[in-house]
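Chemist:
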Amino acid sequence: MNIEKHKMIYEGKAKRLYETASPGALIQEFKDSLTAFNAQKKGSFEGKGKINHQITKLIFKYLSDSHIANHFLSSIDDRHMLIEKLQMSPLEVVVRNRVAGSLAKRLGLEEGMRLGAPIVEFYYKDDALGDPIVTEDHALLLGVATRSDLDELKSKALDINLLLQKLFSEIGIELVDFKLEFGRNAFGHIVLADEISPDSCRLWDQKTQEKLDKDRFRRDLGKVEESYKIVCDKLLKKLGAKA
Ligand code: ADP
Ligand code: TMP
Ligand code: ASP
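Residue numbers (my numbering): 196 to 438.
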């Protein structure tokens with residue numbers, strides 16, 4: 196597909212955003228860079244952008260088929276996708292099915308503990324503050340969401356959790372936790388945005404419990420590229436024909 200990149204409007208840690216001829220659409224480019232701990236740790240591997248583009252594309256199409264509105268419009272080439280331009284919420288929504296990462300640290304719980312019901316958390320996207328966890332009252336205080344927005348974000352995140360848990364379990368992967376970003380479109384609707392990939396999820400092999408996500412980079416576990424490829428190949432095998 197030949198869609199032209201216009202001005203670059205944002206360069207982030209893992210992606211770039213470009214304007215297009217259409218005011219309602221942006222191009223999202225997936226970079227090869229890999230960062231952790233608010234970019235204090237930096238790395239990359241060749242082809243990472245392509246893999247995350249492919250994974251995000253497959254998952255967003257699967258979610259569209261399951262009636263979850265999201266920003267994906269079309270794929271342009273192997274690292275660029277056309278997306279609906281949104282007014283992004285500064286709240287990141289994390290859903291957890293097992294204790295891991297910052298939850299284990301914050302509450303002194305053992306990583307891997309199963310949760311009876313999924314937990315939803317909000318984080319305030321602000322690099323200078325280090326993206327702090329916030330309560331719903333904090334979000335209201337900051338004026339970044341209304342009570343009804345918070346309810347909607349939570350309910351959408353839990354719906355997405357059910358769909359993604361099902362998808363990953365069908366390919367032998369357990370969805371431990373993940374982060375979502377949402378934005379508002381021109382019609383005022385809250386829409387899922389950004390990416391869903393091993394950068395933004397914890398994914399464990401169901402049988403071996405081996406980590407297949409960015410924790411391999413965060414914790415220097417090796418086989419980062421191989422793990423991202425395993426996730427991509429499994430999703431392609433499961434959903435590729437429909438992509
Ligand atoms: P970061 O900003 O954390 O460094 P990225 O490198 O992933 O992260 O940058 C992508 C940026 O694009 C994020 O800030 C994200 O909020 C924003 N974004 C994602 N989807 C959309 C969208 N549909 N419209 C506008 N901005 C978006
Ligand atoms: P955490 O345990 O470090 O809070 O991470 C929870 C989930 O959110 C995990 O799947 C990784 C993802 N995540 C991001 O996508 N971006 C981030 O900046 C952080 C901190 C976590
Ligand atoms: N997303 C953050 C970063 O890129 C933190 C992380 O994923 O660990 O620095």
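Note that CB positions come from ideal geometry on N, CA and C, so glycine has one too.
Just mark ASP408 as buried or exposed, buried being the case when its beta carbon has 16 or more other beta carbons within 10 Å.
Modeler: It is buried - the Cβ of ASP408 has at least 16 other Cβ atoms within 10 Å.
Chemist: Could you check what DSSP says for GLY244 in three-state terms: helix, strand or coil?
Modeler: DSSP places GLY244 in helix when its eight states are reduced to three.
Chemist: Apart from the five residues on each side of it in sequence, which residues of its chain come closer than 7 Å, Cβ to Cβ, to THR251?
Modeler: Once the five neighbours on either side are set aside, the close Cβ partners of THR251 are GLU390, ILE391 and SER392.
Chemist: Can you tell which of SER228, PHE232 and LEU258 has the C-alpha that lies nearest to the C-alpha of GLY244?
Modeler: The shortest C-alpha separation from GLY244 is found at SER228.
Chemist: Going by beta-carbon coordinates alone, are GLN249 and LEU430 separated by less than 9 Å?
Modeler: Cβ atoms of GLN249 and LEU430: closer than 9 Å.
Chemist: Quick check on the DSSP output: the beta strand (DSSP E) that includes ALA299 runs from which residue to which?
Modeler: Careful: ALA299 lies outside any beta strand (DSSP E), inside the alpha helix (DSSP H) at 296-302.
Chemist: Please determine if the region 317-329 and the region 417-432 are in contact, where contact requires at least 3 C-beta pairs separated by less than 8 Å.
Modeler: The answer is no - the region 417-432 does not touch the region 317-329, with fewer than three Cβ pairs under 8 Å.
Chemist: Run the proximity test for TYR318: is its beta-carbon closer than 8 Å to any non-hydrogen atom belonging to the ligand TMP?
Modeler: Yes - the ligand TMP has a heavy atom lying nearer than 8 Å to the Cβ of TYR318.
Chemist: Does the beta-carbon distance from SER364 to GLN401 come in below 9 Å?
Modeler: For SER364 and GLN401, yes; Cβs fall inside 9 Å.
Chemist: If I follow the unbroken beta strand (DSSP E) through ALA340, where does it start and stop?
Modeler: No beta strand (DSSP E) holds ALA340; DSSP gives it neither H nor E.
Chemist: Does the region 258-267 come close enough to the region 285-298 to have 3 or more Cβ pairs within less than 8 Å?
Modeler: The region 258-267 vs the region 285-298: no contact.
Chemist: On the criterion of 16 or more Cβ atoms from any shown chain inside 10 Å, does ASP415 qualify as buried, or is it exposed?
Modeler: By the 10 Å Cβ count, ASP415 comes out exposed.
Chemist: Measure the C-alpha to C-alpha separation of GLY435 and LYS256 and round it to an integer number of angstroms.
Modeler: Cα-Cα distance, rounded: 10 Å.
Chemist: Using three-state DSSP, classify LYS208 as helix, strand or coil.
Modeler: The answer is coil: DSSP assigns LYS208 none of H, G, I, E or B.
Chemist: Please report the straight-line C-alpha distance between VAL386 and LEU304, rounded to a whole angstrom.
Modeler: Answer to the nearest angstrom: the Cα atoms are 33 Å apart.
Chemist: Would you identify the three-state DSSP class for ASP410, choosing helix, strand or coil?
Modeler: The answer is helix: DSSP assigns ASP410 an H, G or I state.
Chemist: Tell me whether THR215, by its Cβ, gets closer than 8 Å to a heavy atom of the ligand ASP.
Modeler: For the ligand ASP, not one heavy atom lies less than 8 Å from the Cβ of THR215.
Chemist: Label GLU376 either buried or exposed according to how many other C-beta atoms from any shown protein chain fall within 10 Å of its C-beta, with 16 as the threshold for buried.
Modeler: With 16 or more Cβ atoms within 10 Å of its Cβ, GLU376 is classed as buried.
Chemist: With distance defined between alpha-carbon atoms, name the residue in LEU345, ASP344 and PHE373 nearest to ILE355.
Modeler: The candidate whose alpha carbon is nearest that of ILE355 is PHE373.
Chemist: Would you say the beta carbon of VAL315 is closer than 8 Å to some non-hydrogen atom of the ligand TMP?
Modeler: Not under cutoff, so the answer is no.
Chemist: Let me check one thing: in DSSP terms, what residues is ASP400 bridge-paired to?
Modeler: For ASP400, which the question treats as bridged, DSSP gives the partners ILE368.
Chemist: Considering only DSSP beta bridges, list what ASP272 is partnered with.
Modeler: For ASP272, which the question treats as bridged, DSSP gives the partners HIS275.
Chemist: Any residue with its Cβ nearer than 6 Å to a heavy atom of the ligand ADP should be included. What is that list in chain order?
Modeler: Going by the Cβ distance cut-off, the answer is TYR205, GLY207, LYS208, ALA209, LYS210, LEU212, LEU221, HIS266, ILE278, GLU279, LYS280, LEU281, MET283, GLU376, GLY378, ALA388 and ASP389.
Chemist: I'd like to know whether the C-beta atoms of ILE137 and LEU221 end up nearer to each other than 9 Å.
Modeler: This structure does not reach residue 137, given that the chain is present from 196 up to 438, and the question cannot be answered.
Chemist: From ILE328, ASN233 and GLY242, pick the residue whose C-alpha is nearest to that of ASP273; which is it?
Modeler: Residue GLY242 is the option with its Cα nearest to ASP273.
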